[in-house]
Amino acid sequence: MNKIEPINEGQKECVIDRTRYLIDEACKIYQRNFELISIDFELKGRVAGMYRTNKNQRVIRYNPYIFAKYFEDNLGSTVPHEVAHYLTDIMFGHSRPHGEEWCGVMQALGAEASRTCDYDLEGIPVRRHQHHAYHCSCMTHEITSRRHNKIQKNKTRCFCNKCHEELRWFRIISAIPDKSGQLI
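Under numbering that gives the first Met the number 0, the residue at position 168 of the sequence shown is numbered 167, and the numbers go up by one with no gaps.
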């Protein structure tokens, strides 16, 4: 397995320029001003891009490894996808992530409104997640660390869909391999 290196500074500038170009185009299309958004290249894992908002702070995050392996494809699909999330948030506020409003913005930008990409991630560093085994009267369930932590902090409860009994922690399952055998 060849390790993929992240995109270089020139490629980052190209992604930033494409992001800004799409925002400028949206200003013309919607006849209003949209602020330039913070952009970072710190995203890791299985996702090519992500729009995040936290109170008044907005950022588009790109995965430099997936962009390195599929640069042109991501420039044409991931960049407009994330810009559309940003524009939808500004224009419509809280709405379904890939709902009508988002699809309309994607169409206005001249991009295909697809939700996910199916990339071969070989050579791309991905996060390794621990899973936890929980059980009820009828079976053992595999729970992600995120959900496990919510259960431990009494922020949520999980029940079996078959016997409807509340799940009880059993043990930690170490990081598990994905379909290709790579640990996730």
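Virtual Cβ for every residue (Gly too), placed ideally from N, Cα, C.
Every value quoted in this text rests on a predicted model; they were computed, and no experiment measured them.
If you check the CB distance, residue 116 and residue 47 come in under 8 Å.
Collapsing the DSSP output to three states places residue 30 in coil. DSSP places residue 89 outside any beta strand (DSSP E); the residue lies instead in the alpha helix (DSSP H), whose first and last residues are 77-91. Minimum Cα-Cα distance from residue 15 among the listed residues 123, 111, 61 corresponds to 61. The same chain holds no residue with a CB closer than 7 Å to that of residue 99 once the five nearest residues on each side in sequence are set aside. Straight across, the Cα-Cα distance linking residue 29 with residue 149 is about 41 Å. Around residue 63, the same chain offers 5, 6, 40 as residues with beta carbons nearer than 7 Å, after the five sequence neighbours per side are excluded. One thing to note: residue 93 has its Cβ no nearer than 8 Å to the Cβ of residue 50.
For residue 89, same chain residues with a beta-carbon under 7 Å away, outside a window of 5 residues either side, are 33 in chain order.
In this structure residue 91 does not touch residue 139 by the C-beta definition: roughly 42 Å separates them, more than the 8 Å allowed.
Inclusion of residue 167 and residue 133 in the CB contact set at 8 Å is warranted, their separation being smaller than that value.
Per DSSP, residue 132 is not a residue of any alpha helix (DSSP H); the beta strand (DSSP E) it occupies stretches across 130-134.
Annotation: the continuous alpha helix (DSSP H) that includes residue 104 extends over 99-107. With respect to residue 45, residue 120 sits close: the two C-beta atoms are nearer than 8 Å.
Inter-residue distance for residue 59 and residue 137 is about 44 Å (C-alpha atoms, whole angstroms).
Looking at the DSSP output, residue 56 sits in a beta bridge with 53.
For residue 172, the enclosing beta strand (DSSP E) stretches over residues 167-172. Residue pairing by DSSP puts residue 48 in a beta bridge opposite 61.
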